[in-house]
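Protein chains in written order, with our numbering: chain C, 4 to 222; chain E, 77 to 293.
What follows is the structure, encoded as structure tokens:
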């Protein structure tokens, strides 16, 4: 029986992008459904009643929520190629720790950077620089966070690349100047088809944020 | 030869107990080191430089931090007495509920850390009740435990509810877990606390409550 895979998503979401990359890495055919987050579909509300959020993977009618949980699910079910997590338990723990760090720290501070002004924005910028410094330190001299090959932590973080122009613009700094190793790592990742074909153009994301600020009166 | 296992923990922390319960349920021998969180040891700072928090599990000299990461590590390293389902979909569901609880845990702490003379935050209370309702209806359902007939990682992850909900009533006069409104979850708390490993590894409630009260002042 053929697998039926559906992804409910929202094109600028770095969380959704993680799932799209994972599906591409594994060569999984799926149906993509774009959600309008201000008018959520019946399907989304029915399949994710607790959070009503994207990304939502529906595999043979059964919903899986939360991007990193979806990625782990994909890795376990389609385990025939392109492993996304290492096989060694200690390395897996290390990967989970850093993916959790990205989840808890990177999104929030990035949002504060473009959504706030004045002192709040200054504080967000300081926090942003600290968090990215920690990540750059963790990357070190390795080609990827996962070591020699692209892995779970890389997947959890690389999707923020499409938002870098937004951060640079509102934070008034250069990612390349502040974090040369992270930028080099991103460029390395972008050589992978699954990533280059998934990540939206930075300018498109910037325009999206300008629209968002208008809509929410955050100008 | 089995590599040594060390746990850096704190008797007041629910996160710490999650790890203790998992280790005990799997019969894993370990050395426990009590951390004074107001005076963190060099060992803790060395093993968890990013967050500087407990619990930290050290296995054969290699540290693992973040309680949920530790739980997954324990499950993978000592697969006997499994705490996660074998089926990938069921595992994804278990992970979802674990994350749900952790994300909501922060709301509960708002209620605790208000000043004693302040009236309990009505919105926070509503959110807690809503959260417990979802847990009962969608996560627990008619099962004895979140894990089914036996406890699993989801039960371990929610174990902190037992003491915290009681403390919410004692400290803030807020009673949210009534057998009349949340019968199945109420029963789960009772069942969970009866499990020998849990019973033997819970902080003394009175002592813990006193500590919570002192922390707020």
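Idealized CB from N, CA, C, for every residue including glycine.
I want to verify the contact list: residues of chain E whose CB lies under 9 angstroms from the CB of residue i, in sequence order.
{"i": "residue 133 of chain C", "result": "Within 9 angstroms Cβ-Cβ: nothing; residue 133 of chain C doesn't reach chain E, min ~11 angstroms."}
{"i": "residue 79 of chain C", "result": "164, 167, 168"}
Nearest to residue i by CA position, among the options, is which residue?
{"i": "residue 24 of chain C", "options": "C/86, C/55, C/180, C/39", "result": "C/86"}
{"i": "residue 110 of chain C", "options": "C/165, C/91, C/150", "result": "C/165"}
{"i": "residue 135 of chain E", "options": "E/126, E/128, E/127, E/146", "result": "E/146"}
{"i": "residue 196 of chain C", "options": "C/30, C/182, C/36", "result": "C/30"}
{"i": "residue 94 of chain E", "options": "E/221, E/132, E/78", "result": "E/132"}
{"i": "residue 36 of chain C", "options": "C/206, C/8, C/108", "result": "C/8"}
{"i": "residue 244 of chain E", "options": "E/120, E/169, E/286", "result": "E/286"}
{"i": "residue 125 of chain E", "options": "C/140, C/119, C/15, C/39", "result": "C/140"}
{"i": "residue 63 of chain C", "options": "C/53, C/135, C/34, C/94", "result": "C/34"}
{"i": "residue 116 of chain E", "options": "E/128, E/284, E/105", "result": "E/128"}
{"i": "residue 106 of chain E", "options": "E/199, E/79, E/91, E/227", "result": "E/79"}
{"i": "residue 168 of chain C", "options": "C/213, C/100, C/191", "result": "C/213"}
{"i": "residue 104 of chain E", "options": "E/267, E/275, E/158, E/253", "result": "E/158"}
{"i": "residue 163 of chain C", "options": "C/175, C/186, C/90, C/130", "result": "C/186"}
{"i": "residue 74 of chain C", "options": "E/246, E/165, E/122", "result": "E/165"}
{"i": "residue 78 of chain C", "options": "C/42, C/51, C/155", "result": "C/155"}
Listing by chain order, which chain E residues have their CB less than 8 angstroms from the CB of residue i?
{"i": "residue 92 of chain C", "result": "149, 152, 153"}
{"i": "residue 103 of chain C", "result": "142, 144, 145"}
{"i": "residue 25 of chain C", "result": "Residues of chain E passing the Cβ test: none, with the nearest at roughly 13 angstroms."}
{"i": "residue 136 of chain C", "result": "Those within 8 angstroms of residue 136 of chain C in chain E number zero; the least Cβ separation is about 12 angstroms."}
{"i": "residue 76 of chain C", "result": "164, 165, 167, 168"}
{"i": "residue 65 of chain C", "result": "165"}
Would you list the residues sitting across from residue i in a DSSP beta bridge?
{"i": "residue 34 of chain C", "result": "C/9"}
{"i": "residue 141 of chain E", "result": "E/132"}
{"i": "residue 280 of chain E", "result": "Paired residue(s): none; residue 280 of chain E is not in a bridge."}
{"i": "residue 61 of chain C", "result": "C/9, C/66"}
Does DSSP put residue i in a helix, a strand or coil?
{"i": "residue 224 of chain E", "result": "strand"}
{"i": "residue 271 of chain E", "result": "coil"}
{"i": "residue 66 of chain C", "result": "strand"}
{"i": "residue 78 of chain C", "result": "helix"}
{"i": "residue 109 of chain E", "result": "strand"}
{"i": "residue 158 of chain C", "result": "helix"}
{"i": "residue 81 of chain E", "result": "strand"}
{"i": "residue 101 of chain E", "result": "helix"}
{"i": "residue 150 of chain C", "result": "strand"}
{"i": "residue 114 of chain E", "result": "coil"}
{"i": "residue 91 of chain C", "result": "coil"}
{"i": "residue 249 of chain E", "result": "coil"}
{"i": "residue 41 of chain C", "result": "coil"}
{"i": "residue 181 of chain E", "result": "helix"}
{"i": "residue 226 of chain C", "result": "Nothing in the structure corresponds to residue 226 of chain C, since chain C is present only between 4 and 222."}
Counting only Cβ pairs nearer than 9 angstroms, list the residues of chain C close to residue i.
{"i": "residue 248 of chain E", "result": "None at all; the shortest Cβ gap to chain C is about 26 angstroms."}
{"i": "residue 50 of chain E", "result": "This structure cannot settle anything about residue 50 of chain E, because the visible part of chain E is limited to 77 through 293."}
{"i": "residue 171 of chain E", "result": "69, 71, 72, 75, 76"}
Which bits of chain C does residue i rub up against, with CB to CB less than 8 angstroms?
{"i": "residue 175 of chain E", "result": "69, 72"}
{"i": "residue 210 of chain E", "result": "53"}
Output, in chain order, the set of chain C residues within a Cβ distance shorter than 7 angstroms of residue i.
{"i": "residue 138 of chain E", "result": "93"}
Residues of chain E with CB closer than 7 angstroms to the CB of residue i, please, in chain order.
{"i": "residue 99 of chain C", "result": "145, 148"}
Report yes or no: do the stretch 202–214 of chain E and the stretch 255–268 of chain E share at least 3 C-beta pairs separated by less than 8 angstroms? Output reads yes: the stretch 255–268 of chain E touches the stretch 202–214 of chain E.
Quick check: the stretch 149–156 of chain E against the stretch 51–62 of chain C, are at least 3 beta-carbon pairs closer than 8 angstroms? Contact between the stretch 51–62 of chain C and the stretch 149–156 of chain E is absent, because fewer than three Cβ pairs lie under 8 angstroms.
Count the C-beta pairs between the stretch 64–75 of chain C and the stretch 13–22 of chain C that are closer than 8 angstroms, then say yes if the count reaches three, no if not. With a cut-off of 8 angstroms, the stretch 13–22 of chain C and the stretch 64–75 of chain C count as touching, because enough Cβ pairs lie within range.
The stretch 92–106 of chain E in contact with the stretch 232–245 of chain E per 3-pair CB rule at 8 angstroms: With contact defined as three or more Cβ pairs closer than 8 angstroms, the stretch 92–106 of chain E and the stretch 232–245 of chain E are in contact.
Any contact between the stretch 38–47 of chain C and the stretch 10–18 of chain C? By contact I mean 3 or more CB pairs, one from each, below 8 angstroms. Touching, yes.
Check whether the stretch 142–162 of chain C and the stretch 115–125 of chain C touch, using three or more Cβ-Cβ pairs below 8 angstroms as the test. Short answer: they don't touch.
Would you check if the stretch 178–192 of chain C and the stretch 134–148 of chain C touch, i.e. whether three or more CB-CB distances between them fall below 8 angstroms? In the pairwise beta carbon analysis, the stretch 134–148 of chain C is classified as touching the stretch 178–192 of chain C: at least three pairs are separated by under 8 angstroms.
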